[in-house]
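Asker: Handing you this structure, nothing more for now.
Protein chains: 2
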Amino acid sequence: MTTDFAATKRQFLLPEGVIYLDGNSLGPLPRGVAERLQTTVADEWGQMLIRGWNTAGWMDMPARVGNRIARLVGAEPGSVVMGDTLSIKVYQALASALELVPGRRVILSDTGNFPSDLYIADGLVRTLGDGHVLKTVAPEAVEDAIDGSVGVVMVTEVDYRTGRRHDMARLAAKAHAHGALLVWDLAHSAGAFPVHLARDGADFAVGCTYKYLNSGPGGPAFIYLAPRHQDAARPALSGWLGHEAPFAFDLDYRPGAGIERMRVGTPPILQLAALDAALDVWNGVDLDDLRARALALQDRFIAAVETACPMLTLATPRDHGQRGSQVSFRHAEGYAIMQALIAEGVIGDFRAPDILRFGITPLYIDEGDIDRAAAILARIMTTGSWDQPQFKARARVT
Amino acid sequence: MTTDFAATKRQFLLPEGVIYLDGNSLGPLPRGVAERLQTTVADEWGQMLIRGWNTAGWMDMPARVGNRIARLVGAEPGSVVMGDTLSIKVYQALASALELVPGRRVILSDTGNFPSDLYIADGLVRTLGDGHVLKTVAPEAVEDAIDGSVGVVMVTEVDYRTGRRHDMARLAAKAHAHGALLVWDLAHSAGAFPVHLARDGADFAVGCTYKYLNSGPGGPAFIYLAPRHQDAARPALSGWLGHEAPFAFDLDYRPGAGIERMRVGTPPILQLAALDAALDVWNGVDLDDLRARALALQDRFIAAVETACPMLTLATPRDHGQRGSQVSFRHAEGYAIMQALIAEGVIGDFRAPDILRFGITPLYIDEGDIDRAAAILARIMTTGSWDQPQFKARARVT
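As C-alpha cells, this is what we get:
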C-alpha cells in the first residue's frame with residue numbers, strides 16, 4: 000500500500016469531537032476549498048468580471064474538471080463533462096441512449112434504484128409516449144430481465160440503502176448481447192472504489208460529486224458518454240453550451256464535438272471551483288489501496304457492531320465483491336437510534352423505513368474512528384438511551 | 000425618487016479604472032458575497048456537515064430565495080423556486096405548459112429569442128414527437144401568429160442583441176384568448192426593470208440570476224408557475240426534490256405541493272448563498288426609480304454616442320416602452336471596436352454578427368460613467384484605434 004491515509008485525513012477540516020460516517024451523503028470540507036472560493040470570487044469574478052469566462056478558464060471548466068473525474072472512474076480522456084444535477088444527467092443519458100436503439104421502448108431498472116432515477120425515467124417515458132415504459136424488477140432479477148425488448152438498462156451500481164453492489168461488467172455484457180445499452184449511475188461509486196467505465200463496457204454513466212468526491216452541498220454532477228457513441232448521441236436537453244458553436248448564436252442546434260454536446264446551460268463556476276479544489280485530495284491516492292482499506296475498516300465495524308449489538312441486523316452483503324463503501328444495519332427504531340448517535344457525535348444517516356447507514360471512507364476515517372463509533376453505538380443499544388422523545392420525534396432528515 | 004443610487008453603487012466591488020457596462024451578461028460582485036460564502040463553507044458545510052440541510056436551512060433555500068426574487072418580478076409569494084440553469088427551466092416550463100393544453104402541438108417563438116431557448120424547444124418537440132413543432136416568426140410577427148393551433152407562446156421579453164422589448168401583457172392576453180399559454184423568459188428583465196408577472200397574466204416564467212441580479216458566474220435559475228396552474232402542472236423533469244415527500248423514498252412519483260414540484264435535484268447551495276447575499280443590494284431599491292433612472296442614463300448614452308459617432312447605428316428602439324436595460328449599436332467591425340473599448344477599461348460585449356452591447360443599470364452606473372464611456376468610444380471611433388490586429392483577432396467571446 001503506497002497511499003498515506005494519515006496524510007489524506009489531514010486534508011479535511013473535521014469538527015472537533017465528530018466521527019463522520021456520512022460522506023456517502025455529503026462529504027466533509029477539504030482544506031483548500033475556502034481559499035479557492037475566495038480566489039474565484041474576489042480575484043476572478045470581482046476583478047475579471049465577464050472576462051473570467053476566457054481569462055480564468057471558466058468556460059472550459061466542465062471539460063477540464065470532467066477529465067479529473069474521468070481518471071477516478073476509469074474513463075477515457077474527453078469522455079466526461081460536468082454540469083447540472085444527477086437527476087438532469089440521468090434524463091439526458093436515458094433520452095440519448097433510447098435514441099441510439101431505435102424501436103426499443105423499454106427502460107429496465109430495479110426497485111433498489113434511487114427513487115429520483117426512477118422518477119426521472121417515469122417522466123421521460125411519459126414525455127416520449129408512444130409505448131415507452133419503465134419496467135422495474137428486484138435488484139437480483141435485473142440480469143435475467145434483460146431481453147430483446149429492452150432498450151436501456153438503468154442501474155445504480157450501489158444500493159443507497161443496503162450498500163449492495165451490482166456486477167456492472169456482467170450487466171453491460173448481457174445488455175450488449177441483447178442489443179441494449181447501459182446507463183450506469185455512479186452516485187455511490189465515484190470516489191468510493193475503483194470504477195472501470197471503459198474496461199467494463201459502460202455506454203453512459205452519471206454521478207454526483209458531493210458524496211465521495213467532497214465537492215460540497217449541491218456540487219455539480221457529471222456525465223460519461225463512451226467515445227464510440229459520441230458522434231451518434233443526440234442530447235435531449237439541447238442547450239446552447241452543448242452547441243457546436245455557442246457564440247455563433249445560430250438559430251439551429253448542431254451538437255458540439257464529443258462529450259461537449261452533453262453540456263446544457265451556464266456552468267456553476269463557484270461549485271465547480273469548490274469541486275476542483277476538493278479533487279486535489281486525490282493526488283497520490285491509489286484507488287486499489289482505498290478499496291482494500293475501506294473493506295478492512297468496514298469489516299472491523301461490522302464485527303464490532305455484530306458482537307455488541309445483536310439487535311441490529313446487517314443489511315449490507317458480507318461478500319466483498321457485492322459491497323460498496325457503506326455499511327447498513329436494520330432496526331425498526333433506526334430513526335431514533337441514529338438521532339441518539341448523532342447527539343453523541345457519530346454522524347451517519349437514516350433511510351426509511353429502517354436503515355442505519357454508515358459511510359466508510361479511508362480518506363478521513365481510521366481504525367480509531369471505527370472503534371469509537373462502534374463503542375458509542377454499543378452503549379446506546381445496550382443502555383437503550385435512544386428510547387427518548389427527543390430522538391423519536393421525526394424531523395426531516397437528509 | 001426615494002432610492003439612493005450612490006449607496007447601491009457602494010455595495011459593489013468594482014475594479015479600479017473599469018466602467019462596467021456588461022451586467023447584462025454577468026453582474027459585478029456585491030460586497031457581502033465573499034463573506035457569506037465563507038460562512039456557508041466554513042461554519043455550515045465545515046461544522047454542520049450533513050446537518051446543514053436542516054440546521055442551516057439549505058433544503059428550503061430554493062423556495063426562500065425564490066420568494067425574494069418573486070418580489071422583484073411581481074409574482075405571488077410561493078410561486079417562484081430556484082434551481083438548475085435557465086435552459087433546464089425553459090424545458091420544464093415548455094413541457095409542463097404543453098401538457099396543460101392537450102391536443103395543441105405548436106410552440107410559437109421568434110427568431111430574436113435567445114438561441115438556447117430555441118434549441119431546448121427543438122429538443123423537446125423531438126422528444127415529444129407526435130406532430131409537435133416549434134414555429135418561429137419574426138419578433139414583430141408573434142402577436143399575429145397566435146391562433147388556435149398554438150399551445151405555448153415562448154418569448155424572451157428583451158431581445159439579447161437589440162434590447163427590443165415585447166409587450167408581454169398584450170401577448171399574454173392574445174395567447175389566452177386563443178386558448179394558449181405563455182412562457183415568459185425574463186433573462187434580461189429580472190432586476191432590469193419592474194416586471195409584473197401576476198398582473199400581466201404570465202402562466203410560466205423563467206429567468207437567470209447572474210445578469211441583473213448579480214449572483215455570480217453560473218448562479219441558479221428560477222421558474223415561476225402561476226398559482227392557478229400549480230395543482231395541474233406536471234413537471235417533466237420529475238426529480239426527487241420535486242416529490243411530495245422526497246425523504247419517504249417512494250418508488251412512485253407524486254408531484255410536490257405548489258411550486259415545489261418544479262424542483263429537480265439537489266440545489267447548488269454555494270451558488271444560492273452567493274445569490275442570497277447579492278439580493279441584499281435590492282433592499283431599499285424602488286423598481287420604478289430604477290427604471291426611470293436607467294432610461295435617463297440610456298438616453299444620455301445614446302445622445303452622446305450618436306453625436307460623436309455617426310458611424311454607429313442604434314439597434315435599440317428609441318421608444319422607452321419598447322426598450323429593456325441595454326443599449327446596442329451596430330457596426331460591421333463591432334468585434335474589434337469592443338475589444339478596443341475593453342482595452343481602455345470600458346467593458347461591454349459583442350454579439351454576432353455586428354452588435355455592440357452596453358448594459359446600463361443604475362445600481363452601479365452613474366452619469367460620470369456614462370460620459371466617460373461615451374468619450375472613450377468617441378475617441379476610439381474618431382481615431383480608428385480599433386483597427387489593429389490585436390483587436391481584430393477573434394478569441395471566443397462570452
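Chains A and B supply the protein sequences, listed in that same order. Position 203 (the first sequence) corresponds to 202 in numbering that gives the first Met the number 0; numbering is contiguous. Position 137 (the second sequence) corresponds to 136 in numbering that gives the first Met the number 0; numbering is contiguous. For glycine and all other residues, C-beta sits at the position ideal for the given N, C-alpha and C.
Tell me the DSSP bridge mates of SER455/A?
Answerer: This structure cannot settle anything about residue 455/A, because the visible part of chain A is limited to 0 through 397.
Asker: Does TYR475/A come within less than 7 Å of chain B when only Cβ atoms are used?
Answerer: Residue 475/A lies beyond the stretch modelled for chain A, which goes from 0 to 397, so this question has no answer here.
Asker: Do you know how far the Cα of ASP386/A is from the Cα of ARG338/A?
Answerer: In the sequence under discussion, the amino acid at residue 338/A is Gln, which differs from the Arg named in the question. C-alpha separation (whole angstroms): 10 Å.
Asker: Which residues, taken in chain order from the region 255-271 of chain A, show a beta carbon closer than 8 Å to some beta carbon of chain B?
Answerer: Cβ contacts with chain B come from VAL263, GLY264, THR265, PRO266, PRO267, ILE268, LEU269, GLN270 and LEU271.
Asker: Could you check where the beta strand (DSSP E) with MET153/A kicks off and where it finishes?
Answerer: It spans 149-155 - the beta strand (DSSP E) in which MET153/A sits, taken as one unbroken run.
Asker: Considering only the beta carbon of each residue, do VAL154/A and ALA179/A sit closer than 7 Å?
Answerer: No, Cβ-Cβ distance for VAL154/A and ALA179/A is not below 7 Å.
Asker: For VAL105/A and TRP239/B, what's the separation of their Cα atoms in angstroms?
Answerer: Cα to Cα, the separation comes out at about 22 Å.
Asker: Strictly below 8 Å CB to CB, what residues from chain B border PRO14/A?
Answerer: Neighbours of PRO14/A on chain B, chain order: GLY45, GLN46 and LEU48.
Asker: Can you find a CB in chain B that lies within less than 7 Å of the CB of SER324/A?
Answerer: No, SER324/A lies away from the interface with chain B (no Cβ there is under 7 Å from its Cβ).
Asker: Could you tell me whether the region 160-167 of chain B touches the region 321-332 of chain B, using the rule of 3 or more Cβ pairs below 8 Å?
Answerer: Verdict: yes, contact present.
Asker: Taking the CB atoms as reference points, tell me whether GLY147/B and HIS177/B lie closer together than 7 Å.
Answerer: Yes, these two residues count as a Cβ contact at 7 Å.
Asker: Counting C-beta neighbours from all protein chains within 10 Å, is the total for ARG260/A 16 or more, i.e. buried, or is it exposed?
Answerer: Label assigned to ARG260/A: buried.
Asker: Within 7 Å (strictly less), CB to CB, does PHE349/B reach chain A?
Answerer: For PHE349/B, the answer is no, since every Cβ of chain A falls outside 7 Å of its Cβ.
Asker: Under the three-state reduction of DSSP, which class applies to SER237/B: helix, strand or coil?
Answerer: SER237/B falls in the coil class under three-state DSSP.
Asker: Can you pull out the residues from the region 326-342 of chain A whose beta carbon lies closer than 9 Å to at least one beta carbon of chain D?
Answerer: Any reference to chain D falls outside this structure, whose protein chains are A and B.
Asker: Kindly indicate the opening and closing residues of the beta strand (DSSP E) around ILE222/B.
Answerer: Counting along the chain, the beta strand (DSSP E) containing ILE222/B begins and ends at 221-224.
Asker: So LEU99/A and ALA120/A are supposed to be a Cβ contact under 8 Å. How far apart are they, rounded?
Answerer: The Cβ separation is near 16 Å, so there is no contact.
Asker: Give the DSSP bridge partners of TYR19/A, in chain order.
Answerer: Paired residues: ILE346/A.
Asker: Residues of chain A with CB under 7 Å from PRO27/B, in chain order?
Answerer: Here the neighbours are LEU48.
Asker: Around the C-beta of ALA273/B, are 16 or more other C-beta atoms found within 10 angstroms, so that it is buried, or is it exposed?
Answerer: When all chains shown are included, ALA273/B counts as buried.
Asker: Would you give the residue range spanned by the beta strand (DSSP E) that MET58/A belongs to?
Answerer: Premise fails: MET58/A is in no beta strand (DSSP E) and is neither H nor E.
Asker: Following the continuous beta strand (DSSP E) through LYS134/B, name the residue where it begins and the one where it ends.
Answerer: Segment 132-136, the beta strand (DSSP E) holding LYS134/B.
Asker: Run through chain A and tell me which residues come within less than 7 Å of ILE87/B, C-beta to C-beta.
Answerer: Within 7 Å Cβ-Cβ: ASP83, ILE87, LEU236, VAL263 and GLY264.
Asker: Starting from THR110/B, find everything on chain A with Cβ-Cβ shorter than 9 Å and list it in chain order.
Answerer: What THR110/B touches in chain A: LEU250.
Asker: Distance, Cα to Cα, TRP169/B vs TRP52/B?
Answerer: Residue identity differs from the one stated: residue 169/B is Arg in this sequence, not Trp. Approximately 42 Å between the Cα atoms of the pair.
Asker: By the DSSP assignment, the beta strand (DSSP E) with MET81/A in it spans what residues?
Answerer: 79-81 is the extent of the beta strand (DSSP E) around MET81/A.
Asker: Comparing the C-beta of ALA33/A with each C-beta of chain B, is any distance below 7 Å?
Answerer: Yes, because at least one Cβ of chain B sits closer than 7 Å to the Cβ of ALA33/A.
Asker: Is the beta carbon of VAL79/A closer than 7 Å to that of ALA94/A?
Answerer: In this structure, VAL79/A does not lie closer than 7 Å to ALA94/A by Cβ.
Asker: Which residue from GLU43/B, TYR334/B, PHE11/B and LEU36/B puts its Cα closest to that of ALA247/A?
Answerer: Closest by alpha carbon: TYR334/B.
Asker: If you draw a straight line from the alpha carbon of ASN213/A to that of GLY26/A, how long is it in whole angstroms?
Answerer: Looking at the two C-alpha atoms, the distance is approximately 4 Å.
Asker: Where ARG125/B and THR306/B are concerned, what is the direct C-alpha to C-alpha distance, given to the nearest angstrom?
Answerer: Spanning the two alpha carbons is a distance of roughly 49 Å.
Asker: Taking a Cβ distance cut-off of 7 Å, strictly less, list which residues of the region 109-129 of chain A are near chain B, in chain order.
Answerer: Those residues of the region 109-129 of chain A that come within reach of chain B (Cβ to Cβ, closer than 7 Å) are THR110, PRO114, SER115, LEU117, TYR118, ILE119, ASP121, GLY122, THR126, LEU127, GLY128 and ASP129.
Asker: At what residue ranges does the region 70-123 of chain A contain a whole run of the beta strand (DSSP E), taking only runs of 3 or more?
Answerer: Segments of the beta strand (DSSP E) lying fully in the region 70-123 of chain A: 79-81 and 105-109.
Asker: So who's on the other strand from TRP44/A, going by DSSP bridges?
Answerer: According to DSSP, which records beta bridges pairwise, TRP44/A is partnered with nothing at all.
Asker: If you reduce the DSSP assignment to three classes, tell me which class VAL284/B lands in.
Answerer: It is coil, neither helix nor strand.
Asker: Enumerate in chain order the residues of its own chain whose CB-to-CB distance from VAL304/B is below 7 Å, with the five nearest sequence positions on each side excluded.
Answerer: Excluding sequence neighbours, VAL304/B sits near LEU311, PHE328, ALA373 and LEU376.
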